[in-house]
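To start, the structure itself, in structure tokens.
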Amino acid sequence: MNEKPIISDILRIFIYPIVTFDCFWIFLKYTDVEQFEKKEILSTLISVISIIIAIIATYLFSKLFAEKSIKIERKKKIDILSSKITYLRRIAFQIRGLHEFWRFNDVNIKSIVDHRYEDLTYEEYRGYDLSGHRKFTYEESTKISEEIYGTDGQAYLALKGLEDGDNSFTFFTEFNPKNYTLEEIARYKEYAGSFWYFLDRSSDDIVNFNGCSRYRMNRIDELFQKITGRQIDKQNYKRELKDLLTEFDSVIFEKHYYLNSLNSGKLPKFYIKGLINMVVFLVLLIVCVFAFVLNLNKWTDFTLTIILLSFFISNTTDLILITIQSIRNELEINEIYNI
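Take the position in the sequence shown, starting the count at 1, then add 409; the result is the number in the working numbering.
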């Protein structure tokens with residue numbers, strides 16, 4: 410898909426100097442220096458360049474403002490999804506604080522992780538080779554896995570990762586705008602999937618929310634309603650949370666990542682090409698004004714003027730190529746999904 414723009418750029422790189430030197434050679438060979446009128450030519454050149462700059466600037470800025478409007482509309486949708494993600498992270502904080510939930514057969518996973526492996530992260534336990542994370546030997550990993558009871562401890566670490574150390578007062582305020590990065594969303598998606606796996610594979614007789622602190626459960630109920638717009642079915646608490654995590658995994662995280670990646674995109678190459686072309690025209694305009702005012706000898710005036718004319722023609726040719734490429738890009742229909 411990127412072959413055409415590359416071919417177009419290579420073509421422009423070759424055409425620009427060729428047109429410039431050819432024009433200069435033609436003007437030098439077939440122009441009579443004695444009948445050459447510098448001021449008339451430069452006056453016309455100044456007027457034409459000014460018109461071209463005005464057209465380019467108007468077009469580029471109208472496109473930039475249109476792109477900005479589109480990004481603002483996307484940002485509104487991103488903010489709604491970000492709020493839901495923040496609510497999910499608060500649910501993770503509340504579940505992580507349920508001592509009764511993490512007690513299995515007189516073993517409390519929460520206590521083990523919090524006291525023996527307070528600094529252990531999900532990525533370290535999984536053995537990911539990431540900068541800033543510890544790398545354990547096979548023996549160390551086996552020992553840790555045995556002590557935190559494998560997937561049970563992993564699920565707890567996943568919630569800890571989802572909370573992401575954000576447990577200050579501002580984390581729980583209703584107005585808490587948060588701009589999540591693409592890297593954060595990718596991590597949160599994996600954490601949520603890991604906890605879903607834990608709920609899905611665990612026995613209802615052992616892993617359930619019966620007898621858990623009602624204070625924290627009420628907070629979870631409220632957050633669930635804010636995300637889904639309905640009350641949680643308290644008779645099927647585990648299933649409801651699994652369905653919620655499935656919704657985040659397949660819809661909310663995906664939408665947020667997609668919209669955020671669109672908004673994080675760099676300025677289209679056409680805008681950069683157009684701006685560079687306009688700057689060249691602007692430099693030509695300034696030099697033309699100086700050449701128009703200065704009184705130099707006849708040969709210097711002649712040489713400078715045909716040089717400016719040559720660059721004007723080559724830059725105009727370059728603008729035509731950019732415009733053709735722009736028209737083709739404008740007519741292309743990209744896979745932009747309506748979310």
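Where a beta carbon is used, it is the ideal one built from N, C-alpha and C, also for glycine.
Contact between Tyr565 and Arg505 holds: their C-beta atoms lie close to 7 Å from each other, under 8 Å. Shortest Cα-Cα distance from Leu676 to any of Tyr547, Gly638, Leu454, Lys480 involves Lys480.
The count of Cβ pairs closer than 8 Å, one atom from the region 713-732 and one from the region 430-448, reaches three, so the stretches are in contact. Under the 10 Å beta carbon count, Tyr534 is surrounded by 16 or more other beta carbons and is classified as buried. Using a Cβ distance threshold of 9 Å, Leu705 and Leu713 count as a contacting pair. Between Gly674 and Leu469, the C-beta spacing is not below 9 Å. It is roughly 20 Å from the alpha-carbon of Ser491 to the alpha-carbon of Lys477.
When Cβ pairs closer than 8 Å are counted between the two stretches, the region 657-669 is seen to touch the region 589-603, the count reaching three or more.
By the neighbour-count criterion, in which a residue is buried when 16 or more other Cβ atoms sit within 10 angstroms of its Cβ, Asn627 is exposed. Separation of the CB atoms of Met687 and Ala475 is rounded to 18 Å, and the pair is thereby denied contact status at 8 Å. Shown here for Asp609: same chain residues with a beta carbon closer than 8 Å to its own, the five before and five after excluded, namely Lys651 in chain order.
Counted as a single uninterrupted DSSP element, the alpha helix (DSSP H) harbouring Cys697 occupies residues 678-702. As DSSP reads the structure, Phe513 sits in a beta bridge with Val516. Counting only runs of 3 or more residues that sit fully inside the region 543-585, no beta strand (DSSP E) segment turns up. Apart from sequence neighbours up to five positions away, the residues of its chain that approach Asn517 with a beta-carbon distance below 8 Å are His508, Trp511, ordered along the chain.
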